[in-house]
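When we follow this note's numbering, the leftmost residue of the sequence shown carries the number 1, and every step to the right adds one.
Note that the Cβ used here is the ideal one computed from N, Cα and C, for glycine as well.
See structure below.
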Amino acid sequence: MLKTTGIALIALIVLSVPIAASLGLLGFGIGWLYSPVPLDRALGEIFWRSSNDFLIVAVPMFILLGEIILRAGIAGRMYNALSQWLSWLPGGLMHTNIGSCAMFAATSGSSVATAATIGTVALPECDRFGYNRRLFLGTLASGGTLGILIPPSINLIVYGLLTGTSVPQLYLAGFIPGLLLAGLFMLIVVIACTLRPSWDGARIETTWRMRFRLLKDLGPPLFLFALVIGSIYAGLATPTEAAALGVTGAIGLAALYRSLSVQMLSDALVSTMRTTGTIMFIIIAAIFLNFVLAATGMTRELTDFIESLGFSPLQMIIAIVIFYIILGCFLETFSMMLTTVPLIAPIVFALGFDSLWFGILLMVLLEMALITPPIGVNLYVIKGIRGDINFNDVMIGALPFVLTMLIMVVLLIAFPEIALWLPNYLGS
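Right, here's the structure in full:
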């Protein structure tokens, strides 16, 4: 039954059926074939239960926050300021790409929004300063993935909902790994441009006076980050309330920069509703599929199969990592998390692994899936920004950063304290 389900899902994806529709159709099909009772009658309850959780309201709020930041011109100013401080490194503006992605991720919570926003700002600079296009595109695609690891992350919110893990604790656990991964990305750029100087671009001419003058443009994203994350850890707001505070702060900044208008807010709201609708459709379809899998006994069948393998805890984690790497080549990351976490997480926790640690490990694996062909979403996001970008160039440019994420996975398995030290320190 499990094998048939997997083949059916891959077939639907190959036929280019949207992922939410694929999950829903699979749920209906399995229920009709293997259940003696009509499981689709529970769909209304699943719709309601998966849509009315207070924490899930944070998802559209963080999406709206990113949309306002983009339209207010805050991202462009931030990129320009960082370019003055980072372009002296080997690789120049490629470090600005990664640094800007990390800063934008700390306000938007979305990898796709991060890649699209910073990519739109950065791409005109690639040819202007003569950078190696493939590596430049790779820094944008991979840097964008930091949106699901560095807090506030939408994916960490959903993981917390699925596993009952504290979202504020997950945010603490994501800080050090997120910054470390950004640092590793920058190290890859330094090594590549040191070994191949022709890949580097021309330096931006600047002065210390200019650098200090532009520091003010780093203030807005840092202010929003402090407002959102600070309100959570000061005990003043829940993640959902903090997201609403962030939106309020972003609107205030847009007004300060004289970019606030009815049209701008209308465009931001429409885009937010489109993205939220897509995400909620995937969430509902995935939860319905998980319900059908549990009701027909497939969940128990999978658990029994895994237990019969007799793996040690370390062997099991390695097997799970390989499973996610392979699955990431065929599934969109959000739906991959929603369909697998309810099945995999109980097994991982039963082996004694920490839910915070596994959440961060999973985020890195999901980041890898975002830039792994043929389904890597961020690859298509960067490709779609400009018509003259070759998809193969984006894919090849992202490969060194896939290997970097593998190194990060190894580090997390070997040294779990990378993720656990901060929540343990501040929680003690």
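query                                                                                              : result
Short Cβ contact (8 Å threshold) for N378 with I371                                                : yes
Secondary structure of D304, DSSP reduced to three states                                          : helix
For T207, the three-state DSSP class (helix, strand or coil)                                       : coil
G99 to V247 span [Cα, whole Å]                                                                     : 22 Å
Exposed unless 16 or more other CB atoms sit within 10 angstroms - verdict on T139                 : buried
Same chain, Cβ closer than 6 Å to L181, five either side skipped, listed in chain order            : M408
Limits of the alpha helix (DSSP H) - the one that L215 falls within                                : Looking at the DSSP string, L215 is not in any alpha helix (DSSP H), and its letter there is neither H nor E.
Host alpha helix (DSSP H) of I407 (start-end)                                                      : 391-414
Three-state secondary structure assigned by DSSP to R464                                           : Missing from the structure shown is residue 464; the chain here goes from 1 to 428 and no further.
Helix, strand or coil at T372 according to DSSP, with G and I counted as helix                     : coil
Counted within 10 angstroms of its Cβ, other Cβ atoms place V121 as buried (16 or more) or exposed : buried
Residue from G76, L343, L338 whose Cα sits closest to the Cα of G119                               : G76
Beta-carbon proximity of A106 to I150, cut-off 8 Å                                                 : yes
Which listed residue (F291, P60, E367, I320) has its alpha carbon closest to that of T333          : E367
Whole alpha helix (DSSP H) elements within the region 48-81, 4-residue minimum                     : 58-71
Inter-residue spacing [alpha-carbon to alpha-carbon] between G66 and S108                          : 5 Å
D267: first and last residue of the uninterrupted alpha helix (DSSP H) it sits in                  : 262-295
Per-residue DSSP class, three states only, for P18                                                 : coil
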